[in-house]
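Each residue of the sequence shown is one higher than the last, beginning at 3 in our numbering.
In this text, a Cβ means the ideal position worked out from N, Cα and C, and glycines have one as well.
Note that the structure is a prediction, hence the values are computed from the model and not measured.
Read through the structure below, which is laid out as structure tokens, and then see the notes.
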Amino acid sequence: MTKVRNSGNGKKNNGILRLRLVLERLQKGLFLAKKRRESYSSQEMVPKDVKEGHFAVIASDDYVKRRFVIPITYLRHPSFLRLLERAAEEYGFDHEGALMIPCRPSELEWMLEEQIGSQDGADWTSCKTMVESC
3 MTKVRNSGNG KKNNGILRLR LVLERLQKGL FLAKKRRESY SSQEMVPKDV KEGHFAVIAS
63 DDYVKRRFVI PITYLRHPSF LRLLERAAEE YGFDHEGALM IPCRPSELEW MLEEQIGSQD
123 GADWTSCKTM VESC
């Protein structure tokens, strides 16, 4: 009888070992799948054309929408901040994707060109009237 119990225990131990191996493989597989899913979703959240230090906005009037990729440094400019305040009032910020700005695309483009063209990169005073007209 003792031998039968030992052989039964051996089969039982083998079964437990196999179960452990299966569980470990399953855990590894689930962990890797989770990592892949996380890396995939983080890549999906930011389009390739939005480089580090930039963000996307969509300038939109009633008829035309256009997407812009803008450096984060523009967030310091009072004129652009006023546009963001107007966007918050009109659209809110509780959505995914590019930020909607209530401004004609041509006017936002003009503002951005003025910013890029300025000597020190900080003079947006000439944009004040354009922001108010957007």
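Item                                                                                                                             : Value
Residue 99 versus residue 112 - alpha carbon distance                                                                            : 23 Å
Where residue 90 sits in the DSSP three-state scheme                                                                             : helix
Beta-carbon proximity of residue 68 to residue 60, cut-off 8 Å                                                                   : yes
Chain-order list of residues whose beta-carbon lies under 8 Å from that of residue 49 (same chain, five-residue window excluded) : 58
Cα-Cα separation, residue 15 to residue 22                                                                                       : 10 Å
Cβ-Cβ separation, residue 110 to residue 103 (assumed contact under 8 Å), whole Å                                                : 7 Å
Residue span of the beta strand (DSSP E) that contains residue 71, given as start and end                                        : 67-73
Pairwise C-alpha distance: residue 94 and residue 72                                                                             : 19 Å
Exposure label - residue 77; buried when at least 16 CB within 10 Å                                                              : exposed
Segment limits, beta strand (DSSP E) that includes residue 77                                                                    : Unbroken run through residue 77: none, as it is neither H nor E.
For residue 47 and residue 54, the rounded distance between their alpha carbons                                                  : 13 Å
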